[in-house]
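One structure is given below, encoded as structure tokens.
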Amino acid sequence: MSIIAPGTPVPEFSLERESGETFTREDLLGKTTVLVFYPYAFSRVCTDQLQVYEEALEDFAAQGATLYGVSTDAHHSQTAFKEKLGVSIEQLSDFEPKGATAKAFGAYFEPRGCTNRAIVIVGPDGVVRWSHLADSLGDLPGVGLIFDGLAATAVS
Amino acid sequence: MTDLRSAPVPPLRDDDHVRGPQHAALVFFYADFTCPRCAVEALRLRDEDARVVFRHFALKTRHARSVALAHAAEAAARQGVFWPFHDSLYDDQGLIDDPHLWARIRTLGLDLDRFEADRRDPAIADRVRADVRDALKAGATTTPAIFSDPAVRGARTGKG
């Protein structure tokens, strides 16, 4: 499965917010969005990932970018994960139908039945500007890499 | 606009905390004093006789005392005892509240009033924050993040 390519309009999708409300393509319009697909709430690498990204949230905001965490965990689990970590990154659940959004973005890992570790930057027009699929579930993209993606987006 | 784009670890600075044999290769150790993995690695590096450069990778959400201990270590450094304080913290990570820090400071024979003032100095907070940002730019994704010199473009970090 290939990660969605830059220049591709974001497909229709539906995720569940922590509140239980729906998050769709319409919610991406008018701002730069960084979708952080991660495999499992409470796993060690995903814990590191969200805590490290949280450290840079003000910097992402300064770039006009909003981060969301996306996984196939139920939104109750995601909320518990977020509270346990003490992070503020909003979580979006791809629980039912399981992984449907991740599959549409090319960010689903079939062998484990979970969200792959991937980053997708979407422009205010709803078009993918930059994407990255990690080499493995344990390979964590650093903050610098995402900022490289944002910088490339800014000049393209 | 803030910029956290990828960048190599900054080279050795005059104000870095460094110890180990002069002939040994530099190891840049970005770490957190509350982190057990960091304590294990710090001990290993000490036993390996590596020439270690300690820099802070104290994440706000990792532990309630992560940032406070980083500031405390910098305050101890102003009285010339960064490494004894470093070793003291890693030797016992169960005693890290303020009264425990005061006890460590007294044991090391330091000026407690100065320590208390120094660890609240905004310049110390700025230094710690700068270390964290350098680590983020260099690709650090967990604690500790260890970079070798001169090949400082990739972190040797744990994966789980």
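Heads up: the protein sequence lines correspond to chains L and S, in order.
With this note's numbering, the residue at position 12 of the first sequence is 12, and numbering never jumps.
Position in the second sequence counted from 1, then plus 1000, gives you this note's numbering.
Yeah, the Cβ is synthetic: ideal placement off N, Cα and C, and Gly gets one too.
Problem - Three-state class that DSSP yields for alanine 1151 of chain S in the structure shown - result: For alanine 1151 of chain S, the pLDDT reaches just 47, beneath the cut-off of 50, and the residue's location in the model is therefore unreliable, although a value from the coordinates is still provided. DSSP places alanine 1151 of chain S in coil when its eight states are reduced to three.
Exercise for the section: Report the three-state DSSP secondary structure of alanine 1038 of chain S (helix, strand or coil). Expected result: Here residue 1038 of chain S is cysteine; the residue named in the question, alanine, does not match the sequence. Cysteine 1038 of chain S falls in the helix class under three-state DSSP.
Exercise for the section: Verify the CB distance criterion: does aspartate 148 of chain L have a CB-CB separation below 8 angstroms to chain S? Expected result: At least one chain S Cβ lies under 8 angstroms of aspartate 148 of chain L.
Practice task
Determine contact between the region 43 to 52 of chain L and the region 1140 to 1149 of chain S, defined as no fewer than three beta-carbon pairs at a distance below 8 angstroms.
Solution key: yes
Exercise for the section: Would you give the residue range spanned by the beta strand (DSSP E) that glutamate 16 of chain L belongs to? Expected result: Run containing glutamate 16 of chain L: 14 to 17, per the beta strand (DSSP E) assignment.
Practice task
Report all residues from its chain with a CB closer than 6 angstroms to the CB of alanine 100 of chain L; omit the five preceding and five following residues, and keep chain order.
Solution key: none
Handout entry: Simplified DSSP state of glutamate 55 of chain L, which is helix, strand or coil
Key = helix
Practice task
Measure from the C-beta of serine 156 of chain L to each C-beta in chain S and report whether the shortest distance is under 8 angstroms.
Solution key: Residue confidence for serine 156 of chain L is low, a pLDDT of 46 falling below 50, so the modelled location carries little weight; the figure read from the coordinates is stated next. So no, serine 156 of chain L is outside the interface.
Exercise for the section: Just confirm the distance between the C-beta atoms of valine 128 of chain L and valine 10 of chain L, as a whole number of angstroms; I'd bet it's less than 8 angstroms. Expected result: 6 angstroms
Handout entry: Of the residues L/Gly144, L/Val36, L/Ser88 and L/Lys98, the one placed nearest leucine 133 of chain L, counting alpha carbons only
Key = L/Val36
Problem - valine 70 of chain L beta carbon less than 8 angstroms from that of threonine 115 of chain L - result: yes
Practice task
Can you pull the chain S residues whose beta carbon is under 8 angstroms from the beta carbon of glutamine 49 of chain L, in chain order?
Solution key: Thr1141
Exercise for the section: Please check if any C-beta of chain L sits within less than 8 angstroms of the C-beta of glycine 1160 of chain S. Expected result: Because the pLDDT at glycine 1160 of chain S is just 27, under 50, the model does not fix this residue reliably, and the value given afterwards should be weighed accordingly. Yes, contact with chain L.
Problem - Touching by the beta-carbon criterion (3+ pairs, under 8 angstroms), the region 80 to 90 of chain L and the region 101 to 108 of chain L - result: no
Exercise for the section: Please check if any C-beta of chain L sits within less than 8 angstroms of the C-beta of aspartate 1126 of chain S. Expected result: no
Exercise for the section: Quick one: which unbroken beta strand (DSSP E) runs of 3-plus residues sit fully inside the region 1039 to 1081 of chain S? Chain order, please. Expected result: 1051 to 1056
Exercise for the section: Identify whether isoleucine 89 of chain L lies in helix, strand or coil by the three-state DSSP scheme. Expected result: coil
Practice task
Provide the residue span of the beta strand (DSSP E) that contains histidine 132 of chain L, from first to last.
Solution key: Counting along the chain, the beta strand (DSSP E) containing histidine 132 of chain L begins and ends at 128 to 133.
Problem - Short CB-CB distance (under 8 angstroms) between aspartate 125 of chain L and chain S - result: no
Exercise for the section: Have a look at alanine 62 of chain L and histidine 1023 of chain S and give me their C-alpha separation to the nearest angstrom. Expected result: 43 angstroms
Handout entry: Cutoff 8 angstroms: valine 1152 of chain S Cβ touching any chain L Cβ
Key = Here the model assigns valine 1152 of chain S a pLDDT of 45, short of 50, so the residue's position is not dependable and the matter cannot be decided.
Practice task
Report all residues from its chain with a CB closer than 6 angstroms to the CB of glutamate 12 of chain L; omit the five preceding and five following residues, and keep chain order.
Solution key: Arg25
Handout entry: Through-space distance from valine 1009 of chain S to serine 1148 of chain S, alpha-carbon basis
Key = 9 angstroms
Exercise for the section: State the Cα-Cα distance for the pair phenylalanine 1029 of chain S and leucine 1112 of chain S, rounded to the nearest angstrom. Expected result: Their Cα atoms are separated by approximately 27 angstroms.
Exercise for the section: Tell me whether lysine 82 of chain L is buried or exposed, calling it buried when 16 or more other Cβ atoms sit within 10 Å of its Cβ. Expected result: buried
Handout entry: Contact under 8 angstroms by Cβ, leucine 1089 of chain S with leucine 1069 of chain S
Key = Yes; because the gap between Cβ atoms is below 8 angstroms, this pair is in contact.
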